[in-house]
Amino acid sequence: MENLGIDFKLLLAQLINFGLFFFIYKKFIAGPFVSVMKGEKMKDAQRKKMNEEVERQKEILAQQEKSSKEEIHKKTEESLKAVRHAAELERTSLIAKAQEESKEIVKRASKQIEDERHQMEKQYKETLAKMSVMTVEHALKDFLTEDMQKQVNAKVLSNLEKK
Amino acid sequence: MRLDPQVKERLKKAFTEELVAQKEIVTVVSAYRLSEDELREILSRFPRYESSMVKNKIDPSLIGGFIIQSGSQVNDLSIRNALHLLKNQLYESN
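Chains Y and X, in that order, are what the protein sequence lines are. Anchor point for the first sequence: position 14 equals 14 in the numbering used here, and the numbering is continuous, going up by one each time. In the numbering used here, each residue carries its 1-based index in the second sequence increased by 1000.
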């Protein structure tokens, strides 16, 4: 072996050296590194899991938001429909009331016009009668001479029965 | 206020005499002055006034005809009154 150049002592020392190196490397370098790596791997897995959970929650929230919006939209539509219906009923009622009132106003106005027309007609007739009588009175005053007045008296007396 | 019965009696008598005197006077109102004949003719239509004293008053606004007044009694036979009645009839016909 010596001829082959192998020194057992040196070999043994190298083996011991290697063993020591291996032990120290494993104990103080590789072990912590591996554990750090494992920790990081676990943290990555947790992060990934959390991200998935967040995504799932987001989806659930989006779903809930969508359904809430749909619900709100539906309720709003229903409310609007109810309000439109109520407004339509109110409008119909108001129109009917207005029509009734307008009929009443027209009726009152017609009656007032009729009354005023009747009053005017009466006044017109009264004025006409007054004017006619006044005209006759004036004409007779101007026209009747004393002789005519005597004839009038005679006529009055002839028409008069004894009292 | 109490009146002396004698004063009261005298007042009553005077009042009655005044009333009788008024009743005895007949006023004929006409549009022109009436002649004696016309007055007599008019009074002949009212026998109760024949013995009364007659006065003639002129009122041209009567137009024609006459009014006989005695006391509170009035007989209006004038054209003015006829027109007035006509006017009232026309009013009432409305």
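C-beta atoms are modelled at their ideal positions from N, C-alpha and C, and glycine is treated no differently.
Check, Outcome
"L144 (chain Y) to S1072 (chain X) span [Cα, whole Å]", "30 angstroms"
"Of the listed residues Y:A129, Y:K38, Y:V34 and Y:F8, nearest to L1086 (chain X) (C-alpha basis)", "Y:A129"
"contact_flag[the segment 1074-1083 of chain X, the segment 135-150 of chain Y] where n(CB pairs < 8 angstroms) is 3 or more", "yes"
"Residue range of the unbroken alpha helix (DSSP H) whose run includes K107 (chain Y)", "G31 to F143"
"Interface residues of chain Y facing R1040 (chain X) [CB-CB closer than 8 angstroms]", "Per Cβ cutoff of 8 angstroms: no residues; R1040 (chain X) is ~11 angstroms from chain Y at best."
"Residue-chain proximity (L1085 (chain X), chain Y), Cβ-Cβ < 8 angstroms", "no"
"C-alpha gap between A86 (chain Y) and T76 (chain Y), whole angstroms", "15 angstroms"
"C-beta neighbour in chain Y for G1071 (chain X), strict 8 angstroms", "no"
"Min CB distance E116 (chain Y) to chain X below 8 angstroms", "no"
"Where N153 (chain Y) falls, given that 16 or more other Cβ within 10 Å makes a residue buried", "buried"
"Cβ neighbours of A241 (chain Y) in the same chain (closer than 8 angstroms, five flanking residues each side left out)", "There is simply no residue 241 (chain Y) to check, as chain Y begins at 1 and stops at 163 in what is shown."
"CB of V1054 (chain X) within 8 angstroms of CB of L1039 (chain X), strictly", "yes"
"Proximal chain Y residues relative to A1031 (chain X), where beta-carbon distance stays under 7 angstroms", "Q149"
"Length of the line joining the Cα atoms of S67 (chain Y) and K49 (chain Y)", "27 angstroms"
"Exposed unless 16 or more other CB atoms sit within 10 angstroms - verdict on F22 (chain Y)", "exposed"
"Cross-chain neighbours of K190 (chain Y) in chain X, by beta carbon under 7 angstroms", "Residue 190 (chain Y) falls outside the range modelled here, since chain Y spans only 1 to 163, and no answer is possible."
"Proximal residues of chain Y, C-beta to C-beta of L1077 (chain X) below 8 angstroms", "V156 and L160"
"Chain-ordered residues of the segment 127-145 of chain Y with a beta carbon less than 7 angstroms from chain X", "A129, K130, V133, V136, E137, L140, K141 and L144"
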